[in-house]
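In this note's numbering, the protein residues as written are -3 to 335. Ideal placement from N, C-alpha and C gives every residue a C-beta, glycine not left out.
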Ligand code: SF4
């Protein structure tokens, strides 16, 4: 059944197109990523610890079939509403192998009797025409195929700062090639990356609105233990270069008024969000977002053991959804109403 919210949730994509709810079951097929294996770099993106982003049942020492079986059991207990399942190749870059290898890996998931299709998380520089052509064929032959691109920011200065190893133009090219083939695709973005101003975060909506994506995922930046970002964040705190969104907005407004005075106030290196600020920010962001986009996620949920601090407490995504709905209702906002 469709969910009627003030934004367009991704669950509606499945009910509208396939007539049922589909639950993603995470699969770890043992891929790596060019930003880790030395092709582009070895340290990875500065915020990355992939262990923090996928569940315990998905480890590459188990066969894909077994991971799917265990994932389905896990979800049956947690989410009673799911009717059918889709294999979610999530950790690392799941198109980073020759096509013949990809076919072999995806086939193992598609052979499972409860699996209707695949979601493939990857980097925009890890697809090419040959892979996209084959994924188009697969989707035209009745399998659900969704590509999820890690885009993270629309600004090249941010992508450089976080050592992504690709620029925004590469992401745009991959998205356009994917759209040209009619393949469903989702773009992943992070708010609060270092060096990005409040205005830049807000303005990114206009650029995102111009992309031929089907769905979107947004995360607030979470500082994961042991990452390079953790060190950068600690340094920024020590230097007084961390501001909450509200503080940053005030500083930026003041700076704009005092443009003649150079170096008036240092731009914070990191902008963090209190829970209330983020809900307010995302409510207004969604109000400026194209109404046809499906929203798969609007906040991240890294397990507490991976982070030093849980600034929002142990709040679950379901509670965040309720807060967002209430906030949008209070402000009388719906997706796209402020375009
Ligand atoms: S591209 Fe993905 S897997 Fe690779 S380092 Fe960056 S976040 Fe990690």
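Asked	Found
From 153, 203, 112 and 117, residue whose alpha carbon lies closest to that of residue 134	112
Rounded straight-line distance, which links the Cα of residue 277 to that of residue 260	Legend: pLDDT at residue 260 = 48, less than 50; position of this residue unreliable, value from coordinates given subsequently. If you take the alpha carbons of residue 260 and residue 277, they lie about 26 Å apart.
Element boundaries [alpha helix (DSSP H), containing residue 278]	271 to 283
First and last residue of the uninterrupted beta strand (DSSP E) at residue 266	266 to 268
Collapsed DSSP secondary structure at residue 225 in the structure displayed	helix
Member of 88, 71 and 193 whose CA lies at the smallest distance from the CA of residue 81	71
Close-in-space but distant-in-sequence residues of the same chain around residue 158 (CB under 8 Å, 5 per side omitted)	41, 42, 43, 148, 149, 189, 190 and 225
Residue interval of the alpha helix (DSSP H) (run including residue 140)	From DSSP, residue 140 is part of no alpha helix (DSSP H) but of the beta strand (DSSP E) over 140 to 148.
For residue 83, three-class secondary structure by DSSP	strand
Range of the contiguous alpha helix (DSSP H) that encloses residue 298	Careful: residue 298 lies outside any alpha helix (DSSP H) and carries neither H nor E.
6 Å Cβ shell around residue 297 - same chain, five flanking residues per side excluded	313
Reduced DSSP secondary structure (H/G/I, E/B, other) of residue 243	helix
Three or more C-beta pairs below 8 Å linking the segment 265 to 285 and the segment 234 to 248	yes
Cβ contact (3+ pairs, closer than 8 Å) linking the segment 120 to 131 and the segment 93 to 106	yes
Cβ-based burial, residue 124 [other Cβ within 10 Å; buried from 16]	exposed
Residue from 234, 263 and 235 whose Cα sits closest to the Cα of residue 248	263
Identified DSSP bridge partners for residue 180	142
Local Cβ density within 10 Å of residue 92, reported as buried at 16 or more and exposed below that	buried
Candidates 305, 323 and 17: closest to residue 338 by CA position	In this structure the chain extends from -3 to 335, so residue 338 is not present and cannot be described.
Where residue 58 sits in the DSSP three-state scheme	coil
Buried versus exposed, by CB contacts within 10 Å (16 or more), residue 32	buried
Minimum C-alpha distance to residue 281 - residue among 144, 146 and 213	213
Cβ distance (whole Å) where residue 29 is taken to contact residue 119 below 8 Å	7 Å
C-beta contact flag for residue 88 and residue 116 at 8 Å	no
Nearest residue (CA-CA) to residue 23, options 208, 55, 110 and 73	55
The ligand SF4 heavy atom lying under 7 Å from the CB of residue 296	no
Continuous beta strand (DSSP E) stretch holding residue 18: start and end	18 to 23
Option in 34, 94 and 325 with minimal Cα separation from residue 279	325
Between the CA atoms of residue 155 and residue 228 - distance to the nearest angstrom	15 Å
8 Å Cβ cutoff met for residue 145 and residue 184	yes
Nearest-angstrom Cβ-Cβ length linking residue 287 and residue 331, presumed shorter than 8 Å	5 Å
Of the listed residues 160, 143, 67 and 69, nearest to residue 208 (C-alpha basis)	143
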